[in-house]
Amino acid sequence: MYLTEEEQRMLEGEEGYAVRKSMEILVALGDIYGAKSLIKVGSVQVAGVSYHNLGDAGLEFLNELAKDGRVKVLTTLNPAGMDLENWQQLGIGKEFAEKQNLVIEAFSRMGILVSCTCTPYLIGNLPRYGEHIAWSESSAVTFANSVIGAKTNREGGPSALAAAFVGKTPCYGLHLDENRFPDIHVQVDAKLGKLSDWGALGYSIGKKAENRIPYITGINDAELDELKSFCASVVTYGSKPLFYMRGITPGAENYTAPSETVVIGQNDIKEAYDNINDEVSDIDFVCIGCPHCSIKEIAQIAEQLKDRKIIEKTEFWVATSRSAKQLADKRGYTNVIEKAGGKFACDTCMAVAPLKGRFKALATTSAKGCFYSRQNDMKTKMGSIEECIEAAVTGKWNLKEE
Ligand code: F3S
Numbered sequence: 000m001y002l003t004e005e006e007q008r009m010l011e012g013e014e015g016y017a018v019r020k021s022m023e024i025l026v027a028l029g030d031i032y033g034a035k036s037l038i039k040v041g042s043v044q045v046a047g048v049s050y051h052n053l054g055d056a057g058l059e060f061l062n063e064l065a066k067d068g069r070v071k072v073l074t075t076l077n078p079a080g081m082d083l084e085n086w087q088q089l090g091i092g093k094e095f096a097e098k099q100n101l102v103i104e105a106f107s108r109m110g111i112l113v114s115c116t117c118t119p120y121l122i123g124n125l126p127r128y129g130e131h132i133a134w135s136e137s138s139a140v141t142f143a144n145s146v147i148g149a150k151t152n153r154e155g156g157p158s159a160l161a162a163a164f165v166g167k168t169p170c171y172g173l174h175l176d177e178n179r180f181p182d183i184h185v186q187v188d189a190k191l192g193k194l195s196d197w198g199a200l201g202y203s204i205g206k207k208a209e210n211r212i213p214y215i216t217g218i219n220d221a222e223l224d225e226l227k228s229f230c231a232s233v234v235t236y237g238s239k240p241l242f243y244m245r246g247i248t249p250g251a252e253n254y255t256a257p258s259e260t261v262v263i264g265q266n267d268i269k270e271a272y273d274n275i276n277d278e279v280s281d282i283d284f285v286c287i288g289c290p291h292c293s294i295k296e297i298a299q300i301a302e303q304l305k306d307r308k309i310i311e312k313t314e315f316w317v318a319t320s321r322s323a324k325q326l327a328d329k330r331g332y333t334n335v336i337e338k339a340g341g342k343f344a345c346d347t348c349m350a351v352a353p354l355k356g357r358f359k360a361l362a363t364t365s366a367k368g369c370f371y372s373r374q375n376d377m378k379t380k381m382g383s384i385e386e387c388i389e390a391a392v393t394g395k396w397n398l399k400e401e
């Protein structure tokens, strides 16, 4: 890979340890993927924040980098393993909290914004159309590429950090226009009524697209929360972190539908629910906010929970960014949700918090949330916000369609 004189000097250590290490990572990646050069990035989003996933080895790696590593561009963080303020309320142990705080301190010393959210685009890290960025959270990468029209590969935690210290990333993969052509036409012929239907659609398309870029037709309208949910699901279940939705997402008008066509009908949506939902009726954990809740979703939850009471045996989490929670505080939604017995899980989520063995059965709006919760040995049920709240107040899953 070609390096400028300045980049060469960084590789030789002129800017210190963290930049040298970062250049080694970026050059190795560039060589593996055949990048011709590095390209400047406008922002970075770093995943791999939970101590649950990092362990002591990860913490040590971050502390080494934090000695002299300072980010060169706006850099935000993915969710951590706990709510950084109210971890006790969420049942997180003291030992875990201490380690997680050390992780956050290391990131903070690097100059990274301690945002701890998978929806950075809702809290101010909003790239421009066509801008090159280096993000790592898969749902955010898919949203950035497809809904915003920015350009990013799905970075790993270390390669995103390296891009932050250098301000550049190797120019390969989805940074190149020639790799952004759609390669399968997906015609949607199904009714999408509730938020979780978008997760089911993502499941179906992800499975059919199999590491390809879908060009989706047949959808006339989509709200931000629906696209957010779809992005998380489609990439979790198999597609590349980029899609085009004709008439909805930017850039779709530049392409025509590829000749290979698959049709997604109502049966496919039903089949997705059948695969995501387990045989279980007692629910002891309800979590809404995968990806992190927008303020609009929090308002819907508050509206549904007004004058109701969550059953004692069921834990209810609203996973969101601290910024969205602050807005919810001001608008009175927090009060309503907490009065009903719900808890805010800011800075964290059901996938990266240490939940293994704690709950038996989850109800959620999110197909991606179900995927990761199964890895935490939970049975899963997916439905609308209303259905999840019904499960929270009764402790039972009682979906009418089943
Ligand atoms: Fe976000 Fe966690 Fe879901 S990172 S997309 S809430 S699994």
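Taking numbering that gives the first Met the number 0, the leading residue of the sequence shown gets 0, the next gets one more, and so forth.
Glycine included, C-beta positions come from ideal geometry on N, C-alpha and C.
Query: Cys289 CB to nearest heavy atom of ligand 1 below 6 Å; Result: yes
Query: CA-to-CA distance, Ser36 to Leu2, given in whole angstroms; Result: 6 Å
Query: Cross-strand partners of Phe142 (DSSP beta bridge); Result: Paired residue(s): none; Phe142 is not in a bridge.
Query: Rounded separation between Met81 and Ile91 - CA only; Result: 7 Å
Query: Assigned secondary structure, Val26 (DSSP; H/G/I helix, E/B strand, else coil); Result: helix
Query: Spatially closest choice to Gly198 from Val48, Cys369, Pro213, by CA coordinates; Result: Cys369
Query: Whole-angstrom distance between Cys345 and Cys115, CA atom to CA atom; Result: 8 Å
Query: Residue from Val45, Glu84, Ala208 whose Cα sits closest to the Cα of Ile132; Result: Val45
Query: Cα-Cα separation between Asp30 and Ser138, rounded to whole angstroms; Result: 26 Å
Query: Under 7 Å between C-beta atoms of Gly201 and Ala366; Result: yes
Query: Closer than 6 Å: Ser36 CB and nearest ligand 1 heavy atom; Result: no
Query: Counterpart residues of Ser42 in DSSP-defined beta bridges; Result: Leu73
Query: Under the three-state DSSP convention, the category Trp86 falls into; Result: coil
Query: Through-space distance from Phe343 to Glu84, alpha-carbon basis; Result: 11 Å
Query: Delimiting residues of the beta strand (DSSP E) encompassing Asp224; Result: No beta strand (DSSP E) holds Asp224; the alpha helix (DSSP H) holding it covers 223 to 235.
Query: Val18 in three-state terms, based on DSSP; Result: helix
Query: For Gly68 and Arg108, the rounded distance between their alpha carbons; Result: 8 Å
Query: Sufficient close CB pairs (3 or more, under 8 Å) joining the region 255 to 262 to the region 349 to 357; Result: no
Query: Same chain, Cβ closer than 7 Å to Glu209, neighbours up to 5 away in sequence not counted; Result: Gly237
Query: Collapsed DSSP secondary structure at Glu6 in the structure displayed; Result: helix
Query: Distance between Val18 and Met0 (C-alpha atoms, nearest Å); Result: 17 Å
Query: Buried or exposed (CB count within 10 angstroms, at least 16 for buried), Glu401; Result: Reliability fails at Glu401, whose pLDDT of 44 lies under 50, so the model's placement of it is uncertain and no value is given.
Query: Coarse secondary structure for Ile218, derived from DSSP in three states; Result: coil
Query: Ala360 beta carbon near ligand 1 (any heavy atom closer than 6 Å); Result: no
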